[in-house]
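*Asks:*
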Amino acid sequence: DMEKVAALSEPDSLVLRTLQAVSGLLGLLPEPSHERTWDEVKAFAEEPKALLAKLMSFDVAASPEQAVKTLSPFFAEEDFRPNCVALAAPVACADLCNFCLAVYICCGGSEPP
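To convert, note that position 53 of the sequence shown is 1162 in this note's numbering; the numbers rise steadily by one, no gaps.
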(Lines of atoms letter the chains of each structure in order from A and count residues from 1; the text may use other names and numbers.)
(Lines give C-alpha, C1' and ligand atoms only; values in the text may rest on other atoms or scores of the structure.)
Protein backbone atom coordinates (compact mmCIF):
# COMPACT_ATOMS: atom_id res chain seq x y z
CA ASP A 1 0.00 0.00 0.00
CA MET A 2 2.91 2.39 0.62
CA GLU A 3 3.90 1.89 -3.01
CA LYS A 4 0.58 3.53 -3.96
CA VAL A 5 1.40 6.42 -1.67
CA ALA A 6 4.90 6.84 -3.09
CA ALA A 7 3.53 6.81 -6.65
CA LEU A 8 1.36 9.88 -6.03
CA SER A 9 2.57 13.03 -7.74
CA GLU A 10 0.09 15.36 -6.03
CA PRO A 11 -1.30 13.66 -2.94
CA ASP A 12 -4.36 14.61 -0.99
CA SER A 13 -3.53 16.98 1.86
CA LEU A 14 -4.26 14.22 4.39
CA VAL A 15 -1.66 11.96 2.78
CA LEU A 16 0.89 14.75 2.98
CA ARG A 17 0.04 15.60 6.58
CA THR A 18 0.17 11.95 7.62
CA LEU A 19 3.68 11.54 6.27
CA GLN A 20 4.69 14.90 7.74
CA ALA A 21 3.46 13.75 11.16
CA VAL A 22 5.21 10.38 10.98
CA SER A 23 8.48 11.83 9.71
CA GLY A 24 8.45 14.47 12.44
CA LEU A 25 7.58 11.96 15.14
CA LEU A 26 10.38 9.62 14.09
CA GLY A 27 12.85 12.50 13.83
CA LEU A 28 13.43 11.87 10.13
CA LEU A 29 13.11 15.55 9.25
CA PRO A 30 13.93 18.70 11.16
CA GLU A 31 11.13 20.54 12.91
CA PRO A 32 8.66 21.89 12.16
CA SER A 33 7.56 18.79 10.30
CA HIS A 34 4.16 20.27 9.35
CA GLU A 35 5.96 22.62 6.95
CA ARG A 36 7.73 19.88 4.96
CA THR A 37 6.89 19.42 1.29
CA TRP A 38 5.71 16.29 -0.50
CA ASP A 39 9.13 15.85 -2.10
CA GLU A 40 10.72 15.87 1.37
CA VAL A 41 8.39 13.30 2.93
CA LYS A 42 7.72 11.14 -0.13
CA ALA A 43 11.09 9.41 0.30
CA PHE A 44 9.79 7.65 3.42
CA ALA A 45 6.93 6.11 1.48
CA GLU A 46 9.40 4.89 -1.12
CA GLU A 47 11.22 2.82 1.54
CA PRO A 48 8.35 1.01 3.32
CA LYS A 49 10.57 -1.63 4.99
CA ALA A 50 12.85 1.03 6.48
CA LEU A 51 9.84 3.05 7.63
CA LEU A 52 8.27 -0.03 9.23
CA ALA A 53 11.54 -0.80 11.05
CA LYS A 54 11.65 2.76 12.42
CA LEU A 55 8.01 2.55 13.53
CA MET A 56 8.60 -0.77 15.27
CA SER A 57 11.68 0.52 17.08
CA PHE A 58 10.08 3.82 18.13
CA ASP A 59 10.44 4.30 21.89
CA VAL A 60 7.36 6.07 23.21
CA ALA A 61 8.97 6.63 26.60
CA ALA A 62 12.12 8.27 25.21
CA SER A 63 10.65 11.75 24.75
CA PRO A 64 6.91 11.98 25.40
CA GLU A 65 6.93 15.78 25.59
CA GLN A 66 8.59 16.04 22.19
CA ALA A 67 6.10 13.58 20.68
CA VAL A 68 3.16 15.66 21.90
CA LYS A 69 4.81 18.88 20.71
CA THR A 70 5.45 17.40 17.27
CA LEU A 71 1.98 15.93 16.81
CA SER A 72 -0.11 18.73 18.38
CA PRO A 73 -0.30 20.87 15.21
CA PHE A 74 -1.66 17.89 13.29
CA PHE A 75 -4.32 16.87 15.81
CA ALA A 76 -5.38 20.51 16.16
CA GLU A 77 -6.80 20.12 12.65
CA GLU A 78 -10.30 18.61 12.71
CA ASP A 79 -9.75 16.28 9.79
CA PHE A 80 -6.47 14.75 10.92
CA ARG A 81 -8.13 11.66 12.39
CA PRO A 82 -7.70 8.04 11.30
CA ASN A 83 -11.32 7.81 10.14
CA CYS A 84 -10.97 10.93 7.96
CA VAL A 85 -7.64 9.81 6.55
CA ALA A 86 -9.14 6.41 5.74
CA LEU A 87 -11.76 8.08 3.53
CA ALA A 88 -9.26 10.12 1.53
CA ALA A 89 -6.07 8.09 1.41
CA PRO A 90 -4.66 4.60 1.02
CA VAL A 91 -5.12 2.30 4.02
CA ALA A 92 -1.45 2.62 4.95
CA CYS A 93 -1.95 6.33 5.66
CA ALA A 94 -4.89 5.65 7.96
CA ASP A 95 -2.75 3.09 9.80
CA LEU A 96 0.07 5.62 10.15
CA CYS A 97 -2.38 8.24 11.43
CA ASN A 98 -3.66 5.68 13.93
CA PHE A 99 -0.07 5.08 15.08
CA CYS A 100 0.44 8.83 15.54
CA LEU A 101 -2.82 9.13 17.50
CA ALA A 102 -1.88 6.24 19.79
CA VAL A 103 1.55 7.75 20.47
CA TYR A 104 0.02 11.20 21.01
CA ILE A 105 -2.45 9.93 23.61
CA CYS A 106 0.06 7.58 25.26
CA CYS A 107 2.48 10.50 25.65
CA GLY A 108 -0.08 12.70 27.35
CA GLY A 109 -1.82 14.50 24.50
CA SER A 110 -5.55 15.06 24.86
CA GLU A 111 -7.69 12.73 22.79
CA PRO A 112 -9.01 14.84 19.92
CA PRO A 113 -12.79 15.15 19.54
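Note that CB positions come from ideal geometry on N, CA and C, so glycine has one too. Since the model is a prediction, treat every value here as computed from it, not as a measurement.
Suppose the cutoff is 7 Å on Cβ atoms and the five residues either side in sequence are ignored; what does the same chain contact list for L1117 look like?
*Replies:* So the qualifying residues of the chain are V1124.
*Asks:* For V1194, which residues of its own chain have a beta-carbon under 7 Å away from its beta-carbon, when the five flanking residues on both sides are left out?
*Replies:* L1123, T1127, C1202, A1203 and C1206.
*Asks:* Restricting to Cα atoms, I'd like to know which of E1112, A1154, K1113 and D1110 is closest to Q1129.
*Replies:* With distances taken between Cα atoms, Q1129 lies closest to A1154.
*Asks:* In whole angstroms, what is the alpha-carbon distance linking F1183 and A1152?
*Replies:* Spanning the two alpha carbons is a distance of roughly 20 Å.
*Asks:* Whole angstroms is fine: what's the gap from E1144's alpha carbon to K1178's?
*Replies:* Using only the alpha carbons, I get a separation of about 14 Å.
*Asks:* Identify whether P1139 lies in helix, strand or coil by the three-state DSSP scheme.
*Replies:* P1139 falls in the coil class under three-state DSSP.
*Asks:* On the criterion of 16 or more Cβ atoms from any shown chain inside 10 Å, does A1198 qualify as buried, or is it exposed?
*Replies:* Buried.
*Asks:* If you count every other CB in all the chains shown that lies within 10 Å of the CB of S1172, and 16 or more means buried, which is it?
*Replies:* Exposed, since its Cβ has fewer than 16 Cβ neighbours within 10 Å.
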